[in-house]
Amino acid sequence: MPEGDTIYRSARALAKVLTGKHVTKFDTGYAHLATVNDDRPVAGRIIEKVEANGKWLLMHFSGDLILVTHMLMSGSWHIYKTGEKWWSPRKAMRALIEVDGWQAVAFNVPVAEFHTAASLARKSSVPKLGPDILSDSYTADVGYEALRARAASHPDDEIANVLLNQRVIAGLGNVYKSEVAFAARVHPFRHMSTISTDEMRQMADVSQRYMKANVLDGSGDGIITYSGNRRTTHSANREERLWVYGRRGKECRRCGGIIEYRKQGPGARSTYWCPECQPWVGEGEAVKGRDTPIRRTRMSC
1 MPEGDTIYRS ARALAKVLTG KHVTKFDTGY AHLATVNDDR PVAGRIIEKV EANGKWLLMH
61 FSGDLILVTH MLMSGSWHIY KTGEKWWSPR KAMRALIEVD GWQAVAFNVP VAEFHTAASL
121 ARKSSVPKLG PDILSDSYTA DVGYEALRAR AASHPDDEIA NVLLNQRVIA GLGNVYKSEV
181 AFAARVHPFR HMSTISTDEM RQMADVSQRY MKANVLDGSG DGIITYSGNR RTTHSANREE
241 RLWVYGRRGK ECRRCGGIIE YRKQGPGARS TYWCPECQPW VGEGEAVKGR DTPIRRTRMS
301 C
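The UniProt record's numbering puts the sequence shown at residues 1 to 301.
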């Protein structure tokens, strides 16, 4: 699933191919993008910059035109040499940007909008994001201040929901949410009022370290950089790349306890934690989850 690291790598790869190039062709499967293209043609413009902002990807064209996309759960950008066969069917194409020798294609991208700089600031949710973990301006102190401010204004928020809130800190997704809370030994259902200063600082720092480790640039001049499975444990083994996410009912890699799982938040997102490493703090009984492994049975025909 696309999180901030995925979008960052996509923007970096697109920038290597597109920045400074003239658009020779634009096509789209969205009527609202086609309408803008009819009035203000994209072809002929120069692609000035491609950047990531949290989970948003922004492509800046000359003449004050910006294509803003959000992948949600299933969208993706692909890069092909002109004439190369696409990996996805044409019916899944949502936007096509062609320059000399290359095509950039957005497949199944559910959110795609054209903006000017003014309309982006006025209407889009992009400027309302919190500090971007992968930006040059982000530091652990910046992340801590964002978490501290949220704790002051929304003390009853659950910490895992706050880590997912892009208006607090931008870039973390569902996998990192569980992994960051585990690293700081914080129960994901704890209220912000119970989170200590040291715990906030640790989560702000770990968030950056984990995400930066997953966007390390490759060597040489190739377009594709790191594109393997998301990892937080530093293990190269595919089965050992995460601490808790997706590991319901399995032993904790740190203490041997059994990983628990529960849906959380308005989107009923999956949350994983170790009840031994991440003890409950707060009033009332500890929030508990399921700790039995998911058993998959084969359907008989």
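Each residue gets a CB set at the ideal place from its N, CA and C atoms; glycine is no exception.
Coil, strand or helix - residue i by DSSP
| i | result |
| --- | --- |
| Gly220 | Bear in mind that a pLDDT of 47 at Gly220, under 50, signals an unreliable position, so the model cannot answer this. |
| Met71 | coil |
| Arg76 | Sequence inspection shows Ser at residue 76; the Arg mentioned does not correspond to that position. Residue state, collapsed to three classes: strand. |
| Asp5 | helix |
| Tyr226 | In this prediction, Tyr226 scores a pLDDT of 45, lower than 50, which makes its location untrustworthy; no coordinate-derived value is stated. |
| Thr28 | strand |
| Glu179 | helix |
| Ile46 | strand |
| Leu172 | coil |
| Ser300 | Bear in mind that a pLDDT of 43 at Ser300, under 50, signals an unreliable position, so the model cannot answer this. |
| Leu18 | helix |
| Glu134 | The amino acid at residue 134 is misidentified as Glu; the sequence shows Leu. Residue state, collapsed to three classes: coil. |
| Asn53 | strand |
| Arg238 | helix |
| Arg94 | strand |
| Leu33 | helix |
| Ala184 | coil |
| Arg12 | helix |
| Val244 | coil |
| Lys81 | strand |
| Val126 | helix |
Unbroken alpha helix (DSSP H) run spanning residue i, endpoints
| i | result |
| --- | --- |
| Ala118 | Ala117 to Lys123 |
| Ser278 | With the sequence shown as reference, residue 278 is identified as Gln, and Ser is not the correct amino acid for it. Element bounds for Gln278: n/a, residue is neither H nor E. |
| Ile159 | Ile159 to Leu164 |
Rounded straight-line distance, which links the Cα of residue j to that of residue i
| i | j | result |
| --- | --- | --- |
| Arg190 | Trp280 | 7 Å |
| Ala140 | Glu84 | 43 Å |
| Met59 | Val50 | 5 Å |
| Arg241 | Ala34 | 42 Å |
| Glu276 | Gly282 | 16 Å |
| residue 310 | Pro293 | The structure shown does not extend to residue 310, since the chain is modelled only from 1 through 301, so no value can be given for it. |
| Thr225 | Ala151 | Note that Thr225 scores 45 on pLDDT, short of 50, meaning its location in the model is unreliable; the coordinates nonetheless yield the value given after this. Roughly 37 Å separates the two Cα atoms. |
| Asp221 | Gln103 | Only weak support exists for where Asp221 lies, its pLDDT of 48 falling under 50; the coordinates are left without a value. |
| His70 | Leu57 | 6 Å |
| Asp64 | Asn214 | 32 Å |
| Glu3 | Arg90 | 25 Å |
| Asp39 | Arg230 | 41 Å |
| Arg262 | Gly256 | 19 Å |
| Lys288 | Asp136 | 38 Å |
| Ser125 | Tyr176 | 22 Å |
| Ser219 | Arg9 | Only weak support is given to the placement of Ser219: the predicted model assigns it a pLDDT of 49, under 50, and the question is left unresolved by the model. |
| Asp198 | Tyr144 | 9 Å |
| Leu72 | Ser88 | 18 Å |
| Ser62 | Tyr245 | 42 Å |
| Ser235 | Cys274 | 19 Å |
| Gly284 | Val17 | 55 Å |
C-beta atoms of residue i and residue j nearer than 8 Å
| i | j | result |
| --- | --- | --- |
| Glu179 | Trp243 | yes |
| Ile66 | His115 | yes |
| Arg247 | Tyr272 | yes |
| residue 305 | Asp291 | Since the first and last residues shown for the chain are 1 and 301, residue 305 lies out of range. |
| Asp132 | Ala181 | no |
| Lys55 | Ile97 | no |
| Arg148 | Met200 | yes |
| Pro155 | Met192 | yes |
| Ser207 | Leu172 | yes |
| Arg253 | Asn174 | no |
| Val162 | Gln278 | no |
| Leu120 | Val68 | yes |
| Asn37 | Thr28 | yes |
| Ala183 | Gln264 | no |
| Leu134 | Ala52 | yes |
| Val99 | Trp86 | no |
| Thr19 | Ile47 | yes |
| Arg94 | Tyr30 | yes |
Span of the beta strand (DSSP E), counted from its first residue to its last, around residue i
| i | result |
| --- | --- |
| Arg269 | Arg269 to Trp273 |
| Glu145 | Looking at the DSSP string, Glu145 is not in any beta strand (DSSP E); the run it does join, the alpha helix (DSSP H), is Ala140 to Ser153. |
| Lys212 | Where Lys212 is concerned, there is no enclosing beta strand (DSSP E), although the alpha helix (DSSP H) it sits in stretches over Thr197 to Ala213. |
| Lys263 | Glu260 to Gln264 |
| Val105 | Trp102 to Phe107 |
Using 8 Å as the cut-off, can you tell me whether the stretch 98 to 118 makes contact with the stretch 73 to 87, which would need three or more C-beta pairs spanning the two stretches below that distance? yes
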